[in-house]
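Enquirer: If you read the sequence shown in this note's numbering, its first letter stands for residue 54, the second for the next number, and so on. The C-beta atom is built at its ideal place from N, Cα and C for all residues, glycine as well. These numbers were taken from a predicted model, which means no experiment stands behind them. Questions regarding the structure given below will be posed in turn.
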Amino acid sequence: MDVAHLRAFVAVAEAGSLTAALPRLHLSQPAISLQLRQLQEALGVRLFYRAARGVTLTPEGRRLLPLARRALHAFDEVRREADALRSTVAGDLRLGTILDPEFLRLGEVLKELMTRHPQLRTVLQHGTSGEVLEAIRARSLDVGFYIGVPAPDVFHALTLTRFHYRVVAPRGWEARVQGRGWSEIAALPWIWTPPDSAHQRLLSAVFAQAGVTPNKVAEADVEPSMLDLVKSGIGLALVRDSIAQREAPQHGLVMAEGLAIPTELTFVSLKERAQEPAIDAAFHAARSVFEARAVR
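Printed below as a string of structure tokens:
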């Protein structure tokens, strides 16, 4: 006796005939008859009487039917739980972060990921965009945030949000920057960033297109330090639009009109690893959070 025998018993009992049970069991009538005969032999009791238009349950069959239903329900529960266990995403996910957690919606993304996959442990590693991308390429990180769109033949990237970088200058520099183009402000003092930062990548491309070399007077690796140098009157810096809009009025900084660089925040993995369960789960969590924010 096995589960197939019990399914045949319950299906025929509920349908009232072997013929009516055929679509439910996806078996031929002789096959169903064989299963019922084998079940009756295994149990040692008769389950059905033949009737004019089908079959009816014997008293023994009526008593055993609820038990058979419960047995099938229990079996289905075991199978569903086994399926869930096979599909459980577990282990470590190494996630590269950049900039500030608020901009990345990092807490929301991690909460979404942990709620859906409680057996997945996230290990965070902070760095610049370039450092995160190289770590993903080297497989020391699984996924990460990035500014811009990396090479599509190597990386799988999801655009989370689009934004602009703005040129911010010290207080009182209106005459030096307003109405100027990239080639004109290149000669002004610039606060530069490390080679693997998004700031340098974006600014270098703009100045190269203009055919000029910027005047680099200082270097900082994080945006708060860059802003402090701008506030101190050292020079210009490239700052995210949301930060520039907040900080400029408070500290009298100058936002250069017409000088903005569009870009995007992306979520990245190696293209060949995009379908791995933990990586796929991370992409779903990031997409869910940013799409929910977009419709608010």
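According to the Cβ coordinates, are Y199 and I314 closer than 8 Å?
Expert: No. Outside cutoff.
Enquirer: Quick one: Cα of A240 to Cα of E227, how far?
Expert: Each residue's alpha carbon lies about 15 Å from the other.
Enquirer: Does the pairing of the segment 274 to 294 with the segment 194 to 210 give three or more beta-carbon distances under 8 Å?
Expert: Contact fails: fewer than three Cβ-Cβ distances are below 8 Å.
Enquirer: Roughly how far, in whole angstroms, is the beta-carbon of L152 from the beta-carbon of T175, given that I think they are within contact range, below 8 Å?
Expert: L152 to T175, Cβ: 18 Å. No contact.
Enquirer: Between R132 and H126, what straight-line distance do the alpha-carbon atoms span, to the nearest angstrom?
Expert: Taking the straight line joining both Cα atoms gives about 10 Å.
Enquirer: To the nearest angstrom, report how far apart F128 and R77 are at their CA atoms.
Expert: Distance between the alpha carbons of F128 and R77 is about 18 Å.
Enquirer: Count the CB pairs spanning the segment 283 to 292 and the segment 184 to 203 that are closer than 8 Å, and state whether there are at least three.
Expert: No: the two stretches stay apart, fewer than three of their Cβ pairs being nearer than 8 Å.
Enquirer: In whole angstroms, what separates the C-alpha of G225 from that of G311?
Expert: Using only the alpha carbons, I get a separation of about 18 Å.
Enquirer: Under 8 Å, do P330 and V142 count as touching if we go by C-beta distance?
Expert: Taking 8 Å as the Cβ cut-off, P330 and V142 qualify as a contacting pair.
Enquirer: If you compare alpha carbons, which of A309, W243, L96 and V265 is closest to R233?
Expert: Closest option to R233, Cα to Cα, is A309.
Enquirer: Could you name each continuous beta strand (DSSP E) segment of 3 residues or more that falls completely within the segment 251 to 306, going from the start of the chain to the end?
Expert: 268 to 272 and 290 to 293, all fully within the segment 251 to 306.
Enquirer: Mind checking E344: buried by the 16 CB within 10 Å criterion, or exposed?
Expert: Exposed.
Enquirer: By the DSSP assignment, the alpha helix (DSSP H) with H58 in it spans what residues?
Expert: Looking at the DSSP string, the run of the alpha helix (DSSP H) that includes H58 is V56 to A68.
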